[in-house]
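Using numbering that gives the first Met the number 0, the first residue of the sequence shown is number 0, and each one after it goes up by one.
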Amino acid sequence: MNILELTAVQLGKKIQAGEIGVAEATKASLAQMCALEPTLNCYVTIDEEGALARAAQVQERISAGELTGPLAGVPVAVKDNMCTAGLRTTCSSNILANFVPTFTAEAVLNLEKAGAVILGKTNMDEFAMGSTTETSAFGETKNPWDTEHVPGGSSGGSCAAVAANECFYALGSDTGGSIRQPSSFCGVTGIKPTYGTVSRYGLVAYGSSLDQIGPVAKDVTDCATILEAIASHDKKDSTSVARTDGNFTAALVDDVKGLRIGIPRDYFGDGLNEDVRDAILAAAKVLAAKGAVVEEFDLSLVEYAIPAYYVIASAEASSNLSRFDGVKYGYRTAEYAGLHNMYKKSRSEGFGAEVKRRIMLGSFVLSSGYYDAYYLKALRTKALIKQAFDKAFASFDVILAPASPTTAPRLGESLSDPLQMYLGDIYTISVNLAGLPGMTVPCGKDKNGLPIGMQLIGDCFQEDKIIRAGYAFEQSRAYEGPELAKRTGAELAGKAGAPGMEDKGGVAR
């Protein structure tokens with residue numbers, strides 16, 4: 000048996016049954032990292048010592064009957080914009096290269112309460128600004144399906160790590176599609192929950208009104224189980240919602256009879272890759288054959304989503320990132336003349352090009368004379384987009400759409416044209432603007448063998464419907480990971496140790 004090819008829930012059951020030890024599963028993941036990280040670069044920090052110590056503690060509590068949940072003992076990776084006490088959190092930026100938080104993000108704490116073993120922090124676009132994981136200060140992450148292609152972003156490290164069997168599941172964050180798009184590119188499943196479902200406390204803010212933490216895993220069952228574990232009301236987060244419908248695994252039924260699924264015509268026009276279109280429409284036929292009612296409809300205002308999103312997100316980023324000034328924590332320039340010069344040089348040297356671009360755009364749209372013309376207009380557009388979705392959900396239970404117009408582009412292609420990179424978010428950003436839940440499920444491959452993901456969108460607080468639709472579709476096809484992960488996993492599963500991983504940026508505890 001290859002431990003690494005198990006899903007998180009499957010592994011959890013075997014750990015509870017005593018068939019696999021927590022340390023055994025942890026060592027298997029660490030060995031896989033040791034083999035693949037020099038090629039893939041999914042992690043910024045790997046905490047081998049901490050993971051093995053935690054595995055021993057969790058095993059004791061499982062053996063004593065204290066931890067009985069489905070994720071107890073299952074190794075997980077955490078995106079590097081979530082604070083972890085004693086373990087550095089960089090946001091893949093030089094300005095936070097040696098930052099070690101004194102507290103842990105609420106979502107990560109919830110996983111620890113469930114008995115999770117944290118393996119390390121995954122690579123990402125700097126401060127979650129990007130769609131390819133190429134803007135990281137610690138090098139680009141490569142797609143395990145084809146290392147000449149990007150894994151997507153900004154949660155590319157988390158999605159690539161799951162696809163490559165370097166962890167059993169991961170946490171990502173989604174501001175404009177940053178879980179759903181890389182999940183599509185890497186052939187894994189990812190959920191962006193309704194805004195407010197998962198606490199943002201401890202998540203380093205990019206766009207506060209848009210950010211949301213969510214799970215990345217091999218299948219819908221894992222994602223629903225993880226979402227149950229991390230969703231909670233948190234008084235430390237003023238946008239956190241107290242939900243009473245958190246039993247997401249109850250929606251794991253292979254039954255979509257009568258479920259009304261809408262396909263927006265606006266999402267299937269020019270710019271959509273033919274292979275992607277065919278795969279999404281084929282998935283719709285599978286759901287229709289299972290009894291779902293599938294119809295096309297018009298979803299207005301699609302063309303305004305990208306400008307509205309980038310105005311709002313950049314404005315919020317400009318405000319949120321003003322705290323990184325070289326005074327209290329983070330990078331400070333070595334030589335400066337006076338306070339203002341220290342601010343300027345620290346930020347100029349610490350931030351990367353994409354982050355600077357968005358800070359400047361955000362500062363511009365918030366400036367006197369432009370606030371009304373751009374920022375307020377974007378907020379009004381956001382409200383209109385929400386109204387368009389409300390109208391759609393009056394007729395449909397779920398919206399089925401692509402997660403991205405194309406499969407994973409080659410490394411370097413997107414960075415050469417930032418505007419083209421922004422346009423790649425066209426199918427995902429509206430979900431964040433409206434605060435809706437969305438999920439990507441693998442549904443095929445293009446002619447080059449790269450994964451394609453379909454996006455399922457639900458109304459606010461109706462994750463159960465997209466989980467139900469995703470699970471029903473998933474029953475028609477088995478999970479398939481990249482050949483790279485299968486081959487290496489078979490060779491290394493269960494082997495102890497992972498020498499040399501201290502070179503992954505070091506571990507601060």
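All C-beta atoms, glycine included, are put in the ideal place defined by N, C-alpha and C.
Since the structure is predicted, the reported quantities are computational estimates derived from the model, not experimental observations.
Note that the region 275-286 touches the region 394-409; at least 3 beta-carbon pairs, one per stretch, sit closer than 8 Å. Taking a contact as a CB-CB distance under 8 Å, the pair S130 and D424 counts as one, their CB atoms being some 6 Å apart. In this structure, DSSP gives K385 a helical state, which the three-state scheme calls helix. For G171, the three-state secondary structure derived from DSSP is strand.
Boundaries for G443: no alpha helix (DSSP H) harbours it, while the beta strand (DSSP E) harbouring it runs G437 to K444, taken from the DSSP string. Listed in chain order, the non-local C-beta contacts of C41 below 7 Å within the same chain comprise T121, N122, T140, G156, A159, A160, A163 and E165, local neighbours out to five positions each way being set aside. Note that the region 69-83 touches the region 6-15; at least 3 beta-carbon pairs, one per stretch, sit closer than 8 Å. Annotation for P263: E295, F296, D297, L298, V301, A391, I398 and A400 place their beta carbon closer than 8 Å to its own, counting only its chain and skipping 5 residues before and after.
In the structure shown, V73 falls within a coil segment according to DSSP collapsed to helix, strand and coil. Across the structure, M420 and E353 are spaced so that their CA atoms are roughly 11 Å apart. Using a Cβ distance threshold of 9 Å, E105 and S207 do not count as a contacting pair.
Excluding its 5 nearest sequence neighbours in each direction, T405 has C-beta neighbours in its own chain below 6 Å: N272, listed in chain order. In the structure shown, V197 falls within a coil segment according to DSSP collapsed to helix, strand and coil. L51 is positioned such that its CB atom lies no closer than 9 Å to that of A27.
Secondary structure at H232: coil, using DSSP grouped into helix, strand and coil. I94 is positioned such that its CB atom lies no closer than 9 Å to that of R357. Beta-bridge annotation (DSSP): D145 is paired with N142.
DSSP places M128 outside both helix and strand once states are collapsed to three, so it counts as coil.
Under the three-state reduction of DSSP, F460 is assigned to coil, being neither helix nor strand. The residue from R53, A291 and L422 with its alpha-carbon nearest to that of R467 is A291. Listed in chain order, the non-local C-beta contacts of V440 below 7 Å within the same chain comprise T188, V219, G452, M453, L455, G469, F472 and E473, local neighbours out to five positions each way being set aside. Assignment of beta-bridge partners to E4 by DSSP yields no partner. Going by C-alpha positions, T248 is about 25 Å away from L118. For the 9 Å CB-CB criterion, A22 and A54 form a contact. Residue pairing from DSSP leaves E65 without any beta-bridge partner. Judged by pairs of C-beta atoms under 8 Å, the region 274-281 touches the region 435-449, as three or more such pairs exist.
Take the alpha-carbon of A34 and the one of R486: they are about 11 Å apart. With 16 or more neighbouring CB atoms inside 10 Å of its own CB, L108 falls in the buried class. In the displayed model, A216 falls within a strand according to three-state DSSP. Around the beta-carbon of H339, fewer than 16 other beta-carbon atoms lie within 10 Å, marking it exposed. By the C-beta density criterion, M359 is exposed, having fewer than 16 other C-beta atoms within 10 angstroms. With respect to the 9 Å criterion, T238 and G175 are not classified as neighbours on the basis of their beta carbons. Judged by DSSP in its simplified three-state form, P181 adopts helix.
Beta-carbon to beta-carbon, A76 and T101 are separated by about 22 Å, too far to satisfy the 8 Å threshold. Residue environment analysis places Q386 among the exposed positions, since fewer than 16 neighbouring C-beta atoms fall within 10 angstroms of its C-beta. For E479, the secondary structure class from DSSP, reduced to helix, strand or coil, is coil.
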